[in-house]
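There are 2 protein chains.
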Amino acid sequence: MATDRTRAAILNAAEQLYAERGFSEVTLRDIVAAAGVNLAAVNYHFGSKDELIAELFVTRSIATNRERLNELKAVEEAGGGRAPIEAVIRALVGPTLRGCLGPDRQRATAARFMIRASIEAVPPIRKIRNREISHLRRFAAAMQRSLPDVPEVDIYWGLHFALALAHQTIRDSERLTKLSNGLCDLDDVDGIIARVVTAASLALTTKRAGAAAAKAQRA
Amino acid sequence: MATDRTRAAILNAAEQLYAERGFSEVTLRDIVAAAGVNLAAVNYHFGSKDELIAELFVTRSIATNRERLNELKAVEEAGGGRAPIEAVIRALVGPTLRGCLGPDRQRATAARFMIRASIEAVPPIRKIRNREISHLRRFAAAMQRSLPDVPEVDIYWGLHFALALAHQTIRDSERLTKLSNGLCDLDDVDGIIARVVTAASLALTTKRAGAAAAKAQRA
DNA sequence: TTGCAATTCAAACAGTTGTATGAAACTATT
DNA sequence: AATAGTTTCATACAACTGTTTGAATTGCAA
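Residue numbers (my numbering), protein chains in the order written: chain S, 67 to 285; chain X, 67 to 285.
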């Protein structure tokens, strides 16, 4: 059907443009020009610009979450219901990092679109994003299973830190390259994932010493 | 002079609105309404909307950098030219974290404006932001002095991670609160700084073990 | 007070945005 | 081949954007 071709062309063009420039910098006319369709097509097929963004976000959100949960399930089953904390964190940050920094262009567009969505918080997305909380809770639970002795509050901080490292690395990769004069290799995806996972795990497992140091610092 | 009062009112209103809603969501009419001045005042006093943003950014950028460097200088002098890595990192992330999460409302506005600026990368700011690279290099150098045995590339990653943790904690504080059901106390600024500093320092000082683990993970 | 510059103001400008319309083109069933 | 339903298209629309204009007002020096 010609209908689906137009829809798909719009979705592709919109996702790519949004991923590249951000939501506020892309107009409907940019999208339809890139997609090679008529201006009215967006409203005809999606109702409005916001609904287009929402559909894009929901689709990608589901895909990312499934990818993460599959990886989590795999490592937990391999460990008899309890995976090493490094594996849990890798399941959390791996898909996004691989997506954004890896060689697969289509995957990169999708992943970068999600990064934009988490940054710009445009109205149509803000309403839906609460769903992600419950998704993250499943990872918090898995992390707690990995580290039964770590207090719950530290689990949340660890989860937050892991996402922070992954996220910001994608967003600021350009600055890191400049700052380090190219010393930090942003193409070594596995190396980056390893760095993020290690740093986040360390913050969690060295927590007792860390908490003590924290108290000392406060004094 | 009445002139300066109008200028100041515009700057205040603009900074606050930008900090709250982001650049793309605030119009000149919003700003002049909040400032209680005429629409044409912005163009009269600043030339254009972009120049207003640029002036705001430059002013705040200078203030933040000075605050950081003062703290760095203090701890390095106290240690005879070489400060503990925790102190260096605290000088880097402390001012912004204290500014954004602390009780001082005016400071919070300023700090949050800078966060927005680092996120949205609107054209007038993008041109100026390169200056920050050289500022960060001074911290990289200080960190290298603190940890002479750590390879340069790891220093950059550590610096990047420290900023990532601080930054994202400010940006995503709402989600962290929701996710943890309020367990993570975002009002405990010193505690948060301690967590960020500890996590970033750990990633740097445990690097040799970390690098080994990273290689193992890749296999 | 008078005169001049600086500042404020209401109004309008040109450009862009998302959306709506109605005619045209197409598709598929009869 | 004729018709009904779907999809495309050029075009127009109203709302909003940053900016400009020229007259009114203000503040201050002579």
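From the three backbone atoms N, C-alpha and C, an ideal C-beta is built for every residue, glycine too.
Note that the structure is a prediction, hence the values are computed from the model and not measured.
Chain X places a beta carbon closer than 8 Å to that of residue 250 of chain S, counting this residue as a contact. Residue 263 of chain X is positioned such that its CB atom lies closer than 8 Å to that of residue 156 of chain X. Bounds of the alpha helix (DSSP H) holding residue 184 of chain S are 171-186. Distance from the CA atom of residue 204 of chain X to the CA atom of residue 146 of chain X, rounded to whole angstroms, is 17 Å. In terms of Cα proximity to residue 217 of chain S, the closest of S:119, S:140 and S:269 is S:269. Contact between the stretch 156-176 of chain S and the stretch 120-130 of chain S is present: 3 or more CB-CB pairs across the two stretches fall below 8 Å. The shortest CA-to-CA distance from residue 71 of chain X to any of X:87, X:104 and X:92 is the one to X:104. For residue 269 of chain S, the nearest CB of chain X lies under 8 Å from its own CB, placing it at the interface with that chain. Rounded to whole angstroms, residue 132 of chain S and residue 142 of chain S show a C-alpha spacing of 15 Å. Residues of chain S whose Cβ lies closer than 7 Å to the Cβ of residue 233 of chain X are, in chain order, 234. In the structure shown, the three-state DSSP call for residue 105 of chain S is coil. Rounded to the nearest whole angstrom, the CA to CA distance from residue 239 of chain X to residue 110 of chain S is 38 Å. Looking at X:168, X:98 and X:193, the one whose alpha-carbon comes closest to that of residue 257 of chain X is X:168. Bounds of the alpha helix (DSSP H) holding residue 165 of chain X are 151-167. Neighbours of residue 244 of chain X in chain S, taken as residues at a C-beta separation under 7 Å, are given in chain order as 199. Residue-level contact by beta carbon fails for residue 151 of chain X and chain S, as no gap is shorter than 8 Å. Within chain X, not a single residue places a beta-carbon under 7 Å from that of residue 144 of chain S; the smallest gap is close to 15 Å. When 8 Å is used as the limit between beta carbons, residue 203 of chain S is near these residues of chain X: 245, in chain order.
Here residue 237 of chain S is actually not in contact with residue 199 of chain S; their C-beta atoms are around 21 Å apart, not less than 8 Å. By a beta-carbon distance limit of 8 Å, residue 223 of chain S does not contact residue 166 of chain X. Their separation comes to about 17 Å. At a C-beta separation below 7 Å, residue 227 of chain S has these neighbours in chain X: 231 and 265.
Residues of chain X whose Cβ lies closer than 7 Å to the Cβ of residue 218 of chain S are, in chain order, 249. For residue 94 of chain S against residue 115 of chain S, the beta-carbon gap comes to about 6 Å, under 8 Å, which counts as contact.
Interface with chain S (8 Å Cβ-Cβ cutoff): residue 90 of chain X is included. The Cβ of residue 222 of chain X sits closer than 8 Å to at least one Cβ of chain S. Listed along chain X, the residues sitting closer than 7 Å to residue 272 of chain S by beta-carbon distance are 268. When Cβ-Cβ separations below 8 Å define contact, residue 238 of chain X makes contact with chain S. A residue is called buried once 16 or more other Cβ atoms fall within 10 Å of its Cβ, and residue 234 of chain S is buried on that count.
Per DSSP, reduced to three states, the secondary structure at residue 224 of chain X is helical.
Taken through DSSP and simplified to helix, strand or coil, residue 195 of chain S comes out as coil. Just measuring C-alpha positions, the residue of X:206, X:79, X:73 and X:248 sitting nearest residue 220 of chain S is X:248.
Distances from the CA of residue 130 of chain X to each of X:197, X:254 and X:253 were compared; the closest alpha carbon is that of X:197. Taking C-alpha positions only, residue 190 of chain X is separated from residue 118 of chain X by approximately 9 Å. In this structure, residue 151 of chain S lies near residue 209 of chain S, with their beta-carbon atoms less than 8 Å apart.
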